[in-house]
Each structure stands twice: as structure tokens, then as C-alpha cells.
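A.B. asks: Using the working numbering, you'd call the opening residue of the sequence shown number 23 and step up by one each time. The beta carbon of each residue, even a glycine, is placed where N, CA and C say it ideally should be.
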Amino acid sequence: MGTASGDETLLWEPSEELKQQATLTRYMQWLEREKGLYVRDQEELWHWSVSHLEDFWASIWDFFSVKASRPYTSVLADRKMPGAQWFGGAELNYAEQVFRNASVGYPALLFQSERHPLRAVSWEELSRNVGSVANALRALGVKPGDRVVSYMANLPETVIAFLACASIGAVWSSCPPDFGTSSVIERFQQIEPKVLFAVDGYQYNGKEFDRRSVLSELQQALPTLHTTVLLPYLSKDTDTEGETSMVLWHDFLSSDTTLTFEQVPFEHPLWVLYSSGTTGLPKAIVQGHGGIVLEHLKSVGLSLDLKPGDIFFWYTTTGWMMWNILVGGLLVGTTILLYDGSPAYPTLNMLWKLAQESGMTFFGTSAGYITS
23 MGTASGDETL LWEPSEELKQ QATLTRYMQW LEREKGLYVR DQEELWHWSV
73 SHLEDFWASI WDFFSVKASR PYTSVLADRK MPGAQWFGGA ELNYAEQVFR
123 NASVGYPALL FQSERHPLRA VSWEELSRNV GSVANALRAL GVKPGDRVVS
173 YMANLPETVI AFLACASIGA VWSSCPPDFG TSSVIERFQQ IEPKVLFAVD
223 GYQYNGKEFD RRSVLSELQQ ALPTLHTTVL LPYLSKDTDT EGETSMVLWH
273 DFLSSDTTLT FEQVPFEHPL WVLYSSGTTG LPKAIVQGHG GIVLEHLKSV
323 GLSLDLKPGD IFFWYTTTGW MMWNILVGGL LVGTTILLYD GSPAYPTLNM
373 LWKLAQESGM TFFGTSAGYI TS
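Put into C-alpha cells, the structure is as follows:
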């Protein structure tokens, strides 16, 4: 046990073996071998990355072998802000990057909730379901650039719906079902969605919350909505009787499970996130396919050192950006672990029990959970 500085105790330091196995180490070795760039340590690497922007981001593209149907003509044609354009000319698709890194022998998803025991979703099952939802969306007339929104919990179906949207170039945005009507409307009205994916309710801390009345209000407040796809999550007996623009999840699925990927420009919108809304309406934040592919490859691949065989968990809802980061683990073939429910139900040790039973290798949570 060493010391970090002064009297602060260093809790853990990776072994030399772990350091050598790290993707960051391989990346630094690759830079020297392929680019003739020698960096001594992480601090020197960071300095190079921020002082040579074009070279750094091009190296991330090359190191992770980003797949593009059209190559880029320039990394950064003009640095002016606003207006800087990255990787001009490139065409690609976020969902295609996910499935090209599918890990044979490891599940794509693990899921547990207060209502469901731990279960796995294979890459084959994920691909089949994403293809089914994507083709059902196409049958509705959803095209690249159309907005598709979610009022879903942290479920496999939510990941499936998102990847389906990404695969056809539709723009995704989500709010968790614990958000009230006004909070959801303030966000979704800004982007004029065409399709809404929703759950009938959810369970938290052992209590059931029926959200069907909220869905009715959302449908009235969002005039651009064409269809609402309802997942019976709280009750298997949920139906859509009398709802002409609502369809149950299992009825919505297409029998055609072929998964194809719409090729879109690098900056084509992938999803819309939102600011907290503490100073006026929540501000919509648009992020594109190419930028998120590169940023998440850097973040989960280099900074978090996630690989096939890892199990990546973050305690989050679908309304926090960490849900998007969590899904990004799929870009490097990592298994992502989804949990829906209270972290303190039935006991305060719930998440630690989940860590033990699932074999998770990466545990992420919020500062609020730690301090509470």
C-alpha cells in the first residue's frame, strides 16, 4: 500500500500485468508503431491529444477501425465555432458500429428489475429484435431525421427501440417513466416526435406506478405523434382497446427481422438530450452518429478499458446521460447490465448483491447514491 500525497492513502493501483493488458497501453504502442509517435505516459498523451486535435481524433478512428460506407475527406476543415465540421464526407451508422463488434460467447445485455430475475439477451436475439422494430418503424413511414421518443424504463426493449431508430437514421430521445406529464411535454414538444415508445407503468421501492393516464395526456399534447407503441411492463393484461393510434409492443413487431443500416452523414443527429431545466425550459442538446461513435469508443474503450467479456453496469434511468454511455459499451463488445428499480429495495445492499450475482466488472453509480 502506497500513499498518493501527504497522508492520503492510495486505495488501489493496477499491477504491471493489468497495465500491459489495458487498451490504453495498446493504443500508445500502436501510436508509436503506426504513427511514429512515442508518448511516455498518460499525461503526455493527454497533452498531445488536446494540442493536435485532428491527429488525435483520426487516430481514434483508425485504432478502433471505424466502419464507414464513405471515407472522410478531412478531419476538421475549419476550427471556427460555431460551425466546425468534423470528418466531412464520411457516412456511417452508429448501430452498425455496435453490431460489427458483437462478441461471440458473451451476451449483449443482462437485465434485472424489482419484478424480474436476472436474465441474459444474446447478440443474436438483440439483432433479431432490433431488425424487427426497425422494419416496423419503416412500415409506419419513419425515415431518417424523424424523431422517435421513449417513455420507457431501463429495459432491454428500450435498448432495442433505440438501436432500431439509430439503424434507420431516426432521431432518439427519452424520458424515464417517473417524469411527470409537464416534464415530458416540455422536452418532447420541442422536437415534434412521430412515434412514442412507452410502458404502462413501473415498480419502484416495491410500489407500482400506473402511467397510462400520463400517456393519454402526452398523446393530446404532442400533435405530431402518429403511433404510440405500448409495452405491458406493469401488467401483462394491459390492452389498447379504444386507442386507435396505440399498438402493443408484441403486435407492433415486424416478422421481417432483417437488420440493415441507413448510411448517414457523420453529423446526422443520433439523439437529443436535455439540460436540467432549472433556468427555463430544458435545452435540447443534439449529438450526431459519428461524434458519439468516436467519443464513446474513446471513453468506454480507452478511459474505462472495457472489452468483450466485461460486464458494464451503471445505476441510471433513461433520463440521465449515463444511460447513453452505458449503451455505448456495446460499441466495444462489452456486455451491458440494465437494472430497473430502487437501489435500496428490498435492502440497502441491493446493488452490491447484483454485482456479486451478475459478475459485473465495472460498477457505476451517482454521487447521490454514495452520499445517501
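Any Cβ of chain C within less than 8 Å of the Cβ of K305?
C.D. replies: No chain C appears in this structure, which consists of one protein chain only.
A.B. asks: I'd like to confirm the pairing. Which residues does DSSP put opposite R92 in its beta bridges?
C.D. replies: E113
A.B. asks: Leaving out five residues on either side along the sequence, give the residues of the same chain with a beta carbon under 6 Å from the beta carbon of F184.
C.D. replies: Excluding residues within five positions, the ones whose Cβ falls inside 6 Å are W194.
A.B. asks: Are T249 and V269 close, meaning C-beta to C-beta below 8 Å?
C.D. replies: yes
A.B. asks: Along the chain, where does the alpha helix (DSSP H) that runs through K57 open and close?
C.D. replies: T45 to K57
A.B. asks: Based on the DSSP output, what are the partners of A306 in its beta bridges?
C.D. replies: Looking at the DSSP output, A306 bridges to Y296.
A.B. asks: Tell me, please, whether the stretch 81-101 touches the stretch 113-120 by the rule of three or more beta-carbon pairs shorter than 8 Å.
C.D. replies: Short answer: they touch.
A.B. asks: Counting only the same chain and skipping the five closest in sequence on each side, list residues whose C-beta sits under 7 Å from that of E214.
C.D. replies: R169 and T246
A.B. asks: Would the beta-carbon of M50 fall within 8 Å of that of L67?
C.D. replies: yes
A.B. asks: Cα-Cα, which of M382, N176, I190 and S172 is closest to Q285?
C.D. replies: Nearest C-alpha to Q285 among M382, N176, I190 and S172: I190.
A.B. asks: For L32, does the three-state DSSP call read helix, strand or coil?
C.D. replies: DSSP places L32 in coil when its eight states are reduced to three.
A.B. asks: Check whether the Cβ atoms of A124 and G110 lie closer than 8 Å to each other.
C.D. replies: no
A.B. asks: Just to confirm the assignment, what range does the beta strand (DSSP E) spanning S135 have?
C.D. replies: L131 to S135
A.B. asks: Cα separation between V72 and V97?
C.D. replies: In this structure, the alpha-carbon of V72 lies about 15 Å from that of V97.
A.B. asks: Would DSSP call F85 helix, strand or coil?
C.D. replies: helix
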